[in-house]
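Asks: To convert, take the position in the sequence shown, counting from 1, and add 18; that gives the working numbering.
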Amino acid sequence: MLHCAAMDEKLSAEEIARHPAWLKLDAMDCGDSAADRIIGGFNAGLGAFPWIARLGYIEDDEVDYMCGGALVTDRHVVTAAHCVQKSDYGPVLTTVRLGEHDTRTNPDCELKVCAPAVQDRGIKRIISHPLFNKPAFHNDVAIIELDTPVTLNNYVAPICLPRTAEQLANFKIGDEMTVAGWGKMNMTTEERANVLQFVNIPVVSPAMCDSFGKAFKLFESEICAGAEHNKDACGGDSGGPLMKVFDTPEGPKSYLVGVVSFGPTICGIKKPGVYASVAYFLKFILDHLV
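1) Runs of 3 residues minimum, wholly inside the stretch 101-132: which ones carry the beta strand (DSSP E) assignment?
2) Is the beta carbon of Leu274 closer than 7 Å to that of Ala88?
3) Candidates Asn61, Val197 and Lys289: which alpha carbon is nearest Asp228's?
4) Is there contact here, the stretch 259-279 with the stretch 189-201, by at least three beta-carbon pairs under 8 Å?
5) Pop quiz: Pro220 and Gly192 are said to be a contact at Cβ under 8 Å. What is the actual Cβ separation, rounded to whole angstroms?
6) Rounding to the nearest angstrom, what Cα-Cα distance links Leu236 and Ala187 in this structure?
7) Mind checking Arg36: buried by the 16 CB within 10 Å criterion, or exposed?
8) In terms of residue numbering, what span does the beta strand (DSSP E) encompassing Leu73 cover?
9) Considering Cα atoms alone, identify which of Ser146, Gly117, Thr169 and Pro167 is closest to Val159.
10) Counting only the same chain and skipping the five closest in sequence on each side, list residues whose C-beta sits under 7 Å from that of Asn171.
11) If you drop the 5 nearest sequence neighbours on each side, which residues of the same chain put their C-beta closer than 8 Å to that of Gly65?
12) Of all the options Leu111, Gly117, Asp78 and Gly63, which has the alpha carbon lying nearest to the alpha carbon of Leu129?
13) Evaluate Ile161 with the Cβ neighbour count: other Cβ atoms within 10 Å of its Cβ, from every protein chain shown; 16 or more gives buried, anything less gives exposed.
14) Grouping DSSP H, G and I as helix and E and B as strand, with all else coil, what is Ala45?
15) What residue range does the beta strand (DSSP E) around Cys178 cover?
16) In whole angstroms, what separates the C-alpha of Ile76 from that of Val110?
17) Mind checking Phe302: buried by the 16 CB within 10 Å criterion, or exposed?
18) Give the single residue among Phe155, Asp92, Leu214 and Arg143 whose Cα lies nearest to the Cα of Val277.
19) The alpha helix (DSSP H) with Glu34 in it runs from where to where?
20) Among Leu29, Leu73, Leu116 and Glu33, which one has its Cα closest to the Cα of Thr91?
21) Cα-Cα, which of Leu304, Asp79 and Asn151 is closest to Ala99?
22) In the DSSP assignment, the beta strand (DSSP E) including Ala160 goes from what residue to what residue?
23) Give the single residue among Pro68, Val292, Phe189 and Asp79 whose Cα lies nearest to the Cα of Val95.
24) Just list the residues that DSSP pairs Glu80 with in beta bridges.
25) Do Thr182 and Ala71 count as a contact pair if the criterion is CB distance below 7 Å?
26) Per DSSP, what are the beta-bridge partners of Arg139 in this structure?
27) Any idea what DSSP makes of Gly253, helix, strand or coil?
28) List the endpoints of the continuous alpha helix (DSSP H) containing Met241.
29) Is it true that the CB of Cys101 sits closer than 7 Å to the CB of Cys127?
30) Starting from the C-beta of Asn212, find all residues in its chain whose C-beta is less than 7 Å away, skip the five residues before and the five after it, and write them out in chain order.
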């Protein structure tokens with residue numbers, strides 16, 4: 019069952035199309051992959067998801083990458099609001115990294131093809147959704163504006179934002195989505211993946227996400243997806259993109275349809291994850307790109 023909550027009004031495709039932010043977005047190619055999706059297992063190919071960002075937090079003079087995000091322009095990253103909240107103690111978000119593939123190497127190479135070095139950027143501004151955590155756990159979307167634009171190439175490029183009626187429509191149970199990140203491979207050791215991972219997951223019944231407990235009810239502005247054994251957005255992927263490929267006149271392109279909000283605390287079990295639905299927060303996102 020879906021529940022109503024205080025949130026942005028979901029605009030029609032016609033209303034979205036009139037937003038001035040498209041003047042900036044249309045000047046950039048988006049949603050194109052430089053590699054096949056599958057190289058081996060769940061490893062992503064080099065350049066398969068060039069919009070994937072890593073959020074770096076400093077604590078005790080060391081940087082740890084604990085959340086993800088998605089590049090939508092050359093200077094804006096969409097992530098989860100819970101990833102950017104300030105606290106009086108603990109790690110402090112300082113860096114956004116683009117162009118990462120294998121965390122052990124820089125530059126990254128595959129089949130004698132090498133990507134440019136990673137691009138690290140500081141943070142100029144963070145805008146969390148004004149209704150984040152009102153009520154608790156909901157409206158979990160934020161935008162990071164980088165201090166300097168990234169250099170776009172085959173390995174650093176924006177993902178598309180939904181625009182047409184088809185892309186903005188509510189998804190049906192069984193629709194296939196993709197998540198990617200460097201999440202925890204083993205919850206016992208908390209070992210994280212070195213190479214960017216991805217997995218395809220289905221949209222499932224909202225009732226499956228209501229099972230997180232009495233304190234949580236899935237709202238219309240959220241997507242419930244996953245619930246296949248060993249197929250979930252695991253620890254460390256919060257804020258990363260939920261993606262769907264749509265056919266366009268220019269060919270298939272990847273679109274940002276959700277933001278990883280939260281899920282089961284144990285990875286790989288048969289429970290779904292909760293994703294903020296970008297269609298419901300698109301006006302908020304577009305308003306802060308101009």
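We put the CB at the ideal spot given by N, CA and C, even for glycine. If you're wondering where the values come from, they're calculated on a predicted model, not measured in any experiment.
Replies: Result, derived from the coordinates:
1) 110-116
2) yes
3) Lys289
4) yes
5) 5 Å
6) 18 Å
7) exposed
8) Ile70 to Glu77
9) Ser146
10) Pro134
11) Ser51, Ala52, Ala53, His119, Ala133, Asn172 and Tyr173
12) Gly63
13) buried
14) coil
15) Premise fails: Cys178 is in no beta strand (DSSP E) and is neither H nor E.
16) 5 Å
17) buried
18) Phe155
19) Note that residue 34 corresponds to Ile in the displayed sequence, not to Glu. Its alpha helix (DSSP H) spans residues Ala31 to Ala35.
20) Leu116
21) Asn151
22) Ala160 to Leu164
23) Pro68
24) Glu77
25) no
26) Val114
27) Since pLDDT at Gly253 reaches only 47, below the 50 mark, its modelled position is unreliable, and the value read off the structure follows with that caveat. Coil at Gly253, not helix or strand.
28) Checking the sequence shown, residue 241 turns out to be Ile, not Met. Not the alpha helix (DSSP H): Ile241 falls in the beta strand (DSSP E), residues Glu240 to Gly244.
29) no
30) Asp120, Thr121 and Arg122
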